[in-house]
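Worksheet for the structure shown next.
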Amino acid sequence: MRPKPLVAGAVLTVVLALVALPGLAGSRTPSPDRPIEAAAFQAFSIPASEGGSSAMIDPLDPALRSASYLDPNAEIAQPGQAAAASPGRPRTAQPAVGAQVSIKPPRYKLSGYASFYDNGTTAMRLPRGTIIRVCGGGGCLDRVVNDYGPAAYFRPVRVIDMYRPDFFAICGCPSSSGTTYVTVSIY
137 MRPKPLVAGA
147 VLTVVLALVA
157 LPGLAGSRTP
167 SPDRPIEAAA
177 FQAFSIPASE
187 GGSSAMIDPL
197 DPALRSASYL
207 DPNAEIAQPG
217 QAAAASPGRP
227 RTAQPAVGAQ
237 VSIKPPRYKL
247 SGYASFYDNG
257 TTAMRLPRGT
267 IIRVCGGGGC
277 LDRVVNDYGP
287 AAYFRPVRVI
297 DMYRPDFFAI
307 CGCPSSSGTT
317 YVTVSIY
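One gets the working numbering by counting positions in the sequence shown from 1 and adding 136 to each.
Dropping the structure here:
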């Protein structure tokens, strides 16, 4: 047999939930539809259906016009005097300027032999990303070191290996050459 207070408490909880909660949750019975009173409406007519024409529209009342009203024939622009002629742009002689090259001084320089390498520019003593200028008998090129090398055991000791087209551009030598003497400026 169950204890009476436990059963009584459960019954009271159920009754309270059935009676109190629908009111708290906003549950209400729907209100009946009320008829709308006829006095709330007003009769009106549409002028287009009265048989009138647009030619019969009365002109605007002059008393209701704004202070800055323009007649249909009013001039918008007022006649004035012609503007004074501007003196024009003065002519000046520009100085002749020749082409100039400005190169910042390198941090330091290396001199030694260079050879070609088909995968980019390498310098054993310089980290990747270093900006360099390589000058040889055929000219100078600016490059960025993108690989590590050459090996120290090659003879003659090389300071740089260059991409093949770059090597022959600064070498100024025939394609049968394998090395050339260069100066590498490090920036």
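Glycine is no exception: its CB is placed at the ideal position from the N, C-alpha and C atoms.
Predicted model only: the values in this text are computed from it and were never measured.
| Thinking C-beta only, is G265 closer than 8 Å to A250? | no
| said: On a Cα-Cα basis, can you pick out the residue from L152, A156 and V320 that is closest to R243? | reply: V320
| query | Once you ignore the five residues that flank I306 on each side, which residues in its own chain have a CB closer than 6 Å to its CB? | reply | Here the set comprises V270, G272, G274, G275 and L277.
| Coil, strand or helix - G272 by DSSP | strand
| query | Rounded C-beta distance between T257 and N282? I'm assuming under 8 Å. | reply | 6 Å
| Simplified DSSP state of G216, which is helix, strand or coil | In this structure, G216 counts as coil in the three-state DSSP scheme.
| When you compare each of I296, A235 and V233 to Y255 by their alpha carbons, which one comes out closest? | At residue 255 the sequence reads Asn, which differs from the Tyr that was named. Answer by Cα proximity: I296.
| query | For L277, which residues does DSSP report across the bridge? | reply | V270
| message | Taking the beta carbon of V150 as the centre, do at least 16 other beta carbons fall within 10 Å, making it buried, or is it exposed? | response | exposed
| said: By DSSP's criteria, I296 is part of a beta bridge. Which residues make up the other side? | reply: In DSSP, I296 forms a bridge with A250.
| Out of curiosity, what's the CA-to-CA distance linking V155 and F177? | 43 Å
| said: I believe G248 touches R294 by the beta-carbon criterion, under 8 Å. Please report the beta-carbon distance rounded to the nearest angstrom. | reply: 6 Å
| request: State the Cα-Cα distance for the pair R303 and V280, rounded to the nearest angstrom. | output: The sequence as given places Phe at residue 303; Arg does not occur at that position. One C-alpha to the other measures close to 14 Å.
| message | Using the Cβ count rule (16 or more neighbours within 10 Å means buried), how would you classify I268? | response | Classification for I268: buried.
| request: Return the residue from the list P241, A175 and D197 that minimises the CA-CA distance to Y323. | output: Of the candidates P241, A175 and D197, the one whose C-alpha sits nearest the C-alpha of Y323 is P241.
| query | Taking Cβ positions only, does P166 come closer than 8 Å to chain D? | reply | Among the chains in the structure shown there is no chain D, since it carries only a single protein chain.
| query | What's the C-alpha gap between A213 and A203? | reply | Straight through space, the alpha carbons of A203 and A213 are spaced by roughly 19 Å.
| query | Would the beta-carbon of M260 fall within 8 Å of that of G234? | reply | no
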